[in-house]
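Presented below is the structure to which this report refers.
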Amino acid sequence: MSDYNFSQIEKKWQQTWAQQQTFKTTTDNSKPKYYVLDMFPYPSGAGLHVGHPLGYIASDIMARYKRQRGFNVLHPMGFDAFGLPAEQYAIQTGQHPAITTKENIARYKEQLSSLGFSYDWSREVRTSDPDYYKWTQWIFLKLYDAWYNQETDKAEPIATLVAKFEQNGTDGVKAACDEEERTFFTADEWKAMTEKQQSDVLLQYRLAFLSEATVNWCPALGTVLANDEVKDGVSERGGYPVERKKMQQWSLRITAYAERLLNDIESLDWTEAIKEMQRNWIGKSLGAELNFKVKDSERQLKVFTTRADTIYGVTYLAIAPEHEWVPELTSPEQRQAVEEYVSTAKNRSERDRMSDVKTISGVFTGSYVLNPLNGEEIPLWVADYVLAGYGTGVVMAVPASDIRDFNFAKHFNLPIVPVIEGSNIDEVYEAKEGKMINSDFLNGLEVKDALVAATAKFEEMGIGQGKVNYRMRDAIFGRQRYWGEPIPIYYKDGIPQPLPESELQLVLPEIDAYLPTETGEPPLGRAKDWKYKGEYPYELSTMPGWAGSSWYYLRYMSPDNQEAFVTPEDEQYWQNVDLYIGGSEHATGHLLYSRFWYKFLHDLGLVSQVEPFRKLINQGMIQGVSSFVYANVYGYTGDDMKSNNMVYIFSSKPYEKNSERIININGEAKKYFLLNDYKLRVPIDFVNLDGTISKDNQIKYQEDPLFIEYSKQLGVPIIIWESDNMPLAQEIEKMSKSKRNVVNPDDIISRVGADTLRMYEMFLGPLEQFKPWNTNGIDGVHKFLKRYWKLFFDSNGNFLVSDDQPTPAELKTLHKTIKKVEEDMERLSFNTSVSTFMICVNELITLKCNKRAILEPLTVILAPYAPHITEEIWSLLGHAESIAYEPFPTWEEKYLTESTFEYPISVNGKMRGKLAFPTDKPKEEIEKEVISSGVIDKYLEGKAPKKIIVVPNKIVNVVV
1 MSDYNFSQIE
11 KKWQQTWAQQ
21 QTFKTTTDNS
31 KPKYYVLDMF
41 PYPSGAGLHV
51 GHPLGYIASD
61 IMARYKRQRG
71 FNVLHPMGFD
81 AFGLPAEQYA
91 IQTGQHPAIT
101 TKENIARYKE
111 QLSSLGFSYD
121 WSREVRTSDP
131 DYYKWTQWIF
141 LKLYDAWYNQ
151 ETDKAEPIAT
161 LVAKFEQNGT
171 DGVKAACDEE
181 ERTFFTADEW
191 KAMTEKQQSD
201 VLLQYRLAFL
211 SEATVNWCPA
221 LGTVLANDEV
231 KDGVSERGGY
241 PVERKKMQQW
251 SLRITAYAER
261 LLNDIESLDW
271 TEAIKEMQRN
281 WIGKSLGAEL
291 NFKVKDSERQ
301 LKVFTTRADT
311 IYGVTYLAIA
321 PEHEWVPELT
331 SPEQRQAVEE
341 YVSTAKNRSE
351 RDRMSDVKTI
361 SGVFTGSYVL
371 NPLNGEEIPL
381 WVADYVLAGY
391 GTGVVMAVPA
401 SDIRDFNFAK
411 HFNLPIVPVI
421 EGSNIDEVYE
431 AKEGKMINSD
441 FLNGLEVKDA
451 LVAATAKFEE
461 MGIGQGKVNY
471 RMRDAIFGRQ
481 RYWGEPIPIY
491 YKDGIPQPLP
501 ESELQLVLPE
511 IDAYLPTETG
521 EPPLGRAKDW
531 KYKGEYPYEL
541 STMPGWAGSS
551 WYYLRYMSPD
561 NQEAFVTPED
571 EQYWQNVDLY
581 IGGSEHATGH
591 LLYSRFWYKF
601 LHDLGLVSQV
611 EPFRKLINQG
621 MIQGVSSFVY
631 ANVYGYTGDD
641 MKSNNMVYIF
651 SSKPYEKNSE
661 RIININGEAK
671 KYFLLNDYKL
681 RVPIDFVNLD
691 GTISKDNQIK
701 YQEDPLFIEY
711 SKQLGVPIII
721 WESDNMPLAQ
731 EIEKMSKSKR
741 NVVNPDDIIS
751 RVGADTLRMY
761 EMFLGPLEQF
771 KPWNTNGIDG
781 VHKFLKRYWK
791 LFFDSNGNFL
801 VSDDQPTPAE
811 LKTLHKTIKK
821 VEEDMERLSF
831 NTSVSTFMIC
841 VNELITLKCN
851 KRAILEPLTV
861 ILAPYAPHIT
871 EEIWSLLGHA
881 ESIAYEPFPT
891 WEEKYLTEST
901 FEYPISVNGK
911 MRGKLAFPTD
921 KPKEEIEKEV
931 ISSGVIDKYL
941 EGKAPKKIIV
951 VPNKIVNVVV
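In the UniProt record's numbering, the protein residues as written are 1 to 960.
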């Protein structure tokens, strides 16, 4: 086989690996472990585009390299199989989401296998498999049966809390709980409570709890959405309106772990950017909680502030639109205005409200509160920049020290009172280091000292207390969807009851449609006779998509065990993920929830480590190249402007408005004027590699559904293309189906092979960077693999490798390559390794090297990048075992050290020739040989040198 038949080679070895289970992994205590993991994908119907495998290729290279280094490598793959897209498709077509999901997974597995990834497919998990989600439900029950003891700083079984209540009531109980709803009682009062009352109390403490919460409700989708699923007041999927409303919801008390999640970030080998995103999301603030009495009312509004020392600068209080006291605190005169404002403001997503710094909106409630220090009346406003879930949902506004307060006050003409000596309130609205001037107990103090003094004073006066606050809220867990894990709870006399663990899994029931019921219940309300023991109704909400993904990395360790979600033996060996690769968009979702679940399981003694992912790499995005054509609209001046008198000139750029042009239509030349231009997207299918569109594709484009949609706006004009192979305007955008710029990896693999695609994606640039796809550049990598292949064949196409001893030059080329690739692998610099391989092969071709001692080690180090071609060469070299476990070769310094140096020989500073000498040759001998060599005789002109300067291994200068 003299030709590099990549298609035949790749299919052969993919089948061989699958049949022989080459990458099947077992727990092996005789070897060190290495666990490398990709964030598992949601299998969409569109399949993979060339941007998706970027991280998968990098992780596979690393997995293969670590096997060569003697590690027992766990490199699994699975599918995040629950989710809204499959459910929406089910709603539209009536097809069960399980069927759609199964088909999509089959497509993904086919594409992943075609790329030669060394996954242990025997460990595959799917979150929608009942055998898998049995354990997701089991973990939920553990969360439901736990509370967070702040004295021991960990989760404990709820029975230990009940024991405390029975002995001392709430006295001495330090727990993470719902402080707003928390009730206090004695042991006798606890014992006197009904079962329902005790259940309600325990829900205030459980880590999985049911409560009334403000959620993002999407009526069109019939479900609650997470904050990151809402943008500009509509759902990201479908663009449907979203409203904020209060609902009974299951939530997880992630806030109990806020401090641990924050502190343990420092131990992680993650990028600083991801760490900072999590720090900001957790949002720890040290401050004080103050009580502002409502005028003419028994109500007190609690305000959390990080600048208690600025209390004399408070000129208004702002309350969140969704705060439950807004109706009560609104005066009759202001009721209509407040209700109209609230109905609009509260439905904006929290993300939009926090990020929108330009829009200023609010309304006066008609009520006043009293400054707790001086009794001054302060107006109470409703403002959408205040969030009900952060702090207390009420903000004390100090316009002189906060930009948003300042802008709000200026907009509504509210007072602005200086709080810092020498501040100019028209220019300065951020508190800076200075002296406080508004009260005796703060006078003369620096700001940092004033914060402490103010908090102590408020505690002494009984009007407030020091407090640590976190921006992070408890995680809404329930979803009013069908395609998700059933929550293993049933209701007896209105009291939530956990399903016995022995009766798991609770499987999704069959239903007749995937929409909410006519009475507004979630889709599970359609299930017939779906009750516990035929009597007690089950919870009708399902779990969110992130439930199964919060622990899947553990299931890979013991995928088939029916007695535990992970066995102690497997967990003790694999411990946690050594290298995790995935997108940065999961920083405050999946990554945070996974850390939370892992820490909870650690509290129960079920996992041995503190964090689930040791090292995290966020791969960059491979961007698409989008192509556009400009439809320049010309109208004929001598007639009316009907569409059939319009001419569209398609070009790669727009023309100047009102410009004129003579256009020949059917042999008749007329003067036309440019009226307008449209920028039209051209799907990638019609674009040549050089960015042009051929005449044939121009015709096909005009028959494409996308253009037909455009033509509804254009009418039925005469269309003239500027040229037959016309260049198109191009832009770099996100690669996506909607932008019609997706490059299918199947097409690339069929044209140049999987090994070429793997190496090219690494060659595009550093793993973490964004980079545009350029199909043109892939041919250079393919040619490199062809050159590597030809190293092993003679001019007649015969496989021919010599057992001769390699030359020093050949050894130098090999060992510098091994050294560089090893260094690159350890720092995940894959793009530079590809360049190194190219240089190496070019040098070996120049040296006409076909020596086994050189080419075998080269093949081994190339194998992680191009596994198919190297596996084939390895076989041709006579090896029966897979190259996948062949030890990575060791480079030796002696082959990299130069034994001779070629000196430039200068006369009076001008180079006149070159001579090579051993690097350890003494200066005196070099001087003698330079004079006797004859190289510089004609430049000496018979004169004896005055001086000979020898700089070892650099230069020789003869001074005449």
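Where is the CB? At the ideal position from N, CA and C, for every residue including glycine.
Item	Value
Among the candidates Leu-370, Gln-334, Lys-448 and Arg-279, whose CA atom is the shortest distance from the CA of Leu-317?	Leu-370
Under 8 Å, Cβ to Cβ, is there at least one residue of chain D near Glu-660?	The structure shown has no chain D; it contains just one protein chain.
When you compare the CB positions of Leu-387 and Leu-329, do they come within less than 8 Å of one another, or not?	no
Write down the C-beta distance between Leu-877 and His-815 rounded to the nearest angstrom, noting that I regard them as a contact closer than 8 Å.	Actually they are not in contact, since the Cβ atoms of Leu-877 and His-815 sit about 20 Å apart, beyond 8 Å.
Evaluate Asp-60 with the Cβ neighbour count: other Cβ atoms within 10 Å of its Cβ, from every protein chain shown; 16 or more gives buried, anything less gives exposed.	buried
Check each candidate in Ser-367, Phe-686, Ile-158 and Gly-494 and name the one with the smallest Cα separation from Thr-194.	Gly-494
Going by DSSP, name the residue or residues bridged to Glu-733.	Gly-624
Contact check, Trp-281 vs Thr-588 under 8 Å by CB: the rounded distance?	4 Å
Check whether the region 108–120 and the region 462–473 are in contact - that is, three or more C-beta pairs closer than 8 Å.	no
With 16 other CB atoms within 10 Å as the buried threshold, where does Thr-519 fall?	exposed
Applying the 10 Å Cβ sphere with the 16-neighbour rule, what's the burial state of Lys-14?	Checking the displayed sequence, the identity of residue 14 turns out to be Gln instead of Lys. It is buried - the Cβ of Gln-14 has at least 16 other Cβ atoms within 10 Å.
Within the same chain, show all residues whose beta-carbon is closer than 6 Å to that of Leu-524, passing over the 5 residues directly before and after it, in chain order.	Leu-540
Count the other CB atoms, across all protein chains shown, that sit within 10 Å of the CB of Leu-252; report buried if there are 16 or more and exposed otherwise.	buried
Hey, how far is the Cα of Lys-653 from the Cα of Ile-319?	52 Å
When DSSP labels each residue in this structure, what does Pro-157 get in the three-state scheme?	strand
First and last residue of the alpha helix (DSSP H) that includes Thr-315?	Note, Thr-315: premise wrong, no alpha helix (DSSP H); not H, not E.
So what's Ser-550 in DSSP terms, helix, strand or just coil?	coil
For Arg-614, name the three-state secondary structure that DSSP assigns.	strand
In three-state terms, what does DSSP make of Trp-190?	helix
In three-state terms, what does DSSP make of Ala-63?	helix
I want to know whether the region 82–94 touches the region 479–488 - three or more CB-CB distances under 8 Å.	yes
In or out: Phe-613 buried (at least 16 other Cβ within 10 Å) or exposed?	buried
Cβ atoms of Phe-408 and Gly-362: under 8 Å apart, would you say?	yes
When burial is assigned at 16 or more other CB atoms within 10 Å of the CB, is Val-566 buried or exposed?	buried
Since I believe Val-242 is in contact with Cys-218 (beta carbons under 8 Å), could you give me their beta-carbon distance rounded to a whole number of angstroms?	5 Å
Three-state secondary structure (DSSP) at Phe-165?	helix
With a CB to CB cut of under 8 Å and the five nearest residues on each side skipped, what residues in its chain are close to Lys-734?	Met-621, Gln-623 and Gly-624
Name the residue from Asp-685, Gln-336 and Ile-403 whose alpha carbon lies nearest to the alpha carbon of Asp-696.	Asp-685
For Tyr-903 and Gly-780, what's the separation of their Cα atoms in angstroms?	37 Å
Output the boundary residues of the alpha helix (DSSP H) element that contains Met-759.	754–763
Are the beta-carbon atoms of Glu-810 and Trp-891 separated by less than 8 Å?	no
Taking all protein chains shown into account, decide if Asp-426 is buried (16 or more other Cβ within 10 angstroms of its Cβ) or exposed.	Because Asp-426 sits at a pLDDT of 39, beneath the cut-off of 50, its placement in the model cannot be relied upon, and the following sentence gives the value as read from the coordinates. So Asp-426 ends up on the exposed side.
Roughly how many whole angstroms lie between the Cα atoms of Leu-764 and Trp-773?	8 Å
Using DSSP with H/G/I as helix, E/B as strand and the rest coil, what is Trp-17?	helix
Under a three-way DSSP split, which group does Arg-404 fall into?	helix
Go ahead and pull the three-state DSSP assignment for Asn-957.	strand
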